[in-house]
Structures are given as structure tokens and as C-alpha cells.
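The structure under discussion appears below in the form of C-alpha cells.
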Amino acid sequence: MASIPIPDSYASLPLTQISVSHNPQTSKTATKVLTISLSRPKNFNAFTPTMEAELVTVFNTISVDPRVKVAILTGGLLAPKTGSPKGTAGPSIFCAGADLDRGFGDGQGEHPRDHRDGGGRVALAIYRLMEACSSWFLPRLIGMSRALHLTTTGAIYPASHALFGDLFTELVPHPTAVLPRALALADEIAENTSTVSSYLMREMMYRGADSPEGQHLLDSRIIYELFGSKDNTEGVKAFMQKRAADFKGTVEEDAPASWPWWESVDVAQAGQREGYVFKAKGKL
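Residue 500, in our numbering, is where the sequence shown stops; the numbers in between run on with no holes.
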């Protein structure tokens, strides 16, 4: 497998429909926290195959870049609304339904699997379905009954609605407060946590065993293999020396021998074999 080139600065990447900024933005080189923004303001950030490809490229790159620990994905600003004062912009949104003409042609030579949602809210009126793994994640995040209610009605609810349950760890009073709060949380994660440990704990919860006993064997094996690892050693030293830890471990170099403990699936290759093809027609 060819190695992925890591840029000195993510601002130098030749991107057309998304942008990547450092934190702080004045940094000339990559920082621990990056902000990735959808950048099609005149098209309400409508999702396109180009945007998809650029997101995949950026995420694949930062996943092997040891300098980057947290990435924030945001909608970016939109073009000014008609009648708005000069220099003002509409709310930052991701227009998930703006790709309605994707894959819809005369029906000749097409496959039902070609008609896929580019992401976002389910639109039952045009028989759209859950996508982007949401049918797997949503019931696990908010419960089966709430997930069925949301997908069956197709209605729009505020983020504070009880149907979302514990989907959000916190709510902010105004949309403009979302990104600053996300940046603050990202800084906290980047400065205080081990990337290897955080990643493994997430995977242990998502890809755990089918029983408490099986899970006990799994987490025991993983923690045993991490004893004496780079981040484990640094954490112990930092604790004894009463200082902040500086975790530098990476999943590629410092993951336990038992990782991955699940059967890996290459979704990109599987999609190509099974004929998942976007037929981009018209202009978004």
C-alpha cells in the first residue's frame, strides 16, 4: 500500500469544496486540532462526489499524521441571503437534501443501489433511506424506539427535543457558540488524552464481545499488551513527577498486538465490487 504524503501545512492542500484550517489559524504548520469546513457557500454546502473525495483524502491524511489529534467538521459560512446587509452570511448549515437529482435519470442502465442519499436527514416523501452507517449507530445512541420514531415520521425536531435522548453530550444557547465550544473541547482532548487509549476504548465499546465474560477477556488482553507502552510509560512518569503528560503514541506504531480484534471490511473496495456508483447529473 502506497504511503500517504503528509503536508507541512494543511492550508496548502489543493482543495476546492472543503477547507482545512489550523488552530490557531496563524500557524504555518499542522496543529493538534484541525477544523475542516464544507465550502460551497453559494450551493448551501450541498454534498457532491468531489466534496466526498476531498473529505476522504483529508481524513486519510490526518489519520496517519502524528501531529494531529483532533479534527472538527463544520459547515462553514454560506453566501449572503438576498436582502441581507453586505458582508453578512446565512446560518452555517449542511444542505443534506440538495443532492436530490443525483442518480435520477431515465432509469436506463441504473441499479437500485445507485440511488443513495449523500448524507443527512431522511426524506420519506421520496423514499430516501438511512445512510452513512446511521441505521447502525442511531439505535445504539438514542435507543430503538426513538430511532424508529424519527425515521418513521420524517419530521424535523429541535436539538433539545426528548426524542434525541442523550444523543448530544451538551447543548449551547446559540449556533454561533457551537464552533468555539467544539474548539475548546478539542483542545482539552488534544492536550490531555492518549490518542491510542481514546481510540481503543471507543472501538472496545463499538466492537465489543457478545457477553460480559467475552468482553472481560478482550479488555484484559488489550490492557495487558499496553503495559510498558510509550503512552503508558509517559503517563506513569507524569503522575510521579506531578506534571502534565505528553502523550505521543500513535495507533499505527503503538496499538496492541491484538488490534484489530474484529474482521476488517474495506468499504471502499467492497463498494466498487458491488457496483455502488454515483451518477452525478445536473448541477448542485
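The C-beta atom is built at its ideal place from N, Cα and C for all residues, glycine as well.
Model, not experiment: these values are computed from the prediction.
In DSSP terms, what residue i is bridged to
i, result
"S213", "Summary: the structure shown does not reach residue 213, with the chain confined to residues 217 through 500, and so no result is reported for it."
"L387", "Paired residues: none, contrary to the question."
"T290", "S253"
Reference residue i; option with closest CA among the options
i, options, result
"P240", "L254, S225, L229", "S225"
"A484", "N276, K244, I220", "N276"
"D447", "P472, Q431, R423, G424", "P472"
"L366", "E386, F380, I278, S376", "F380"
"M420", "A400, R397, W477", "W477"
"K285", "S243, A227, P391, S414", "S414"
"D470", "H432, L416, K458", "L416"
"A579", "I439, A287, G465, W352", "The structure shown does not extend to residue 579, since the chain is modelled only from 217 to 500, so the question has no answer here."
"V274", "L229, Y440, R283, L442", "L229"
"I220", "I278, P355, L271", "I278"
"I438", "R418, T369, R356", "R418"
"R356", "T369, L387, D382, K453", "D382"
"T369", "W352, D426, E404, L345", "L345"
"H238", "E270, D403, A269", "D403"
"F353", "M267, E386, Y422, V394", "Y422"
Residue j beta carbon less than 9 Å from that of residue i
i, j, result
"W475", "V467", "yes"
"I222", "D281", "yes"
"N408", "A460", "yes"
"L434", "G444", "no"
"A378", "F384", "no"
"T245", "R283", "yes"
"G465", "E441", "no"
Whole-Å CB distance - residue i paired with residue j, under 8 Å assumed
i, j, result
"P265", "G292", "Wrong, their Cβ atoms sit about 19 Å apart, outside the cutoff."
"T290", "S350", "About 19 Å; that fails the 8 Å criterion."
"F455", "T411", "With a Cβ gap of about 19 Å, F455 and T411 do not count as contacting."
Test: residue i CB closer than 9 Å to a CB of chain C
i, result
"F463", "Given the protein chain composition of this structure (a single chain), no chain C is represented."
Contact between the segment 347-363 and the segment 236-256 is defined here as three or more beta-carbon pairs at a separation below 8 Å; is this criterion met?
no
Three or more beta-carbon pairs under 8 Å between the segment 256-271 and the segment 231-242, yes or no?
yes
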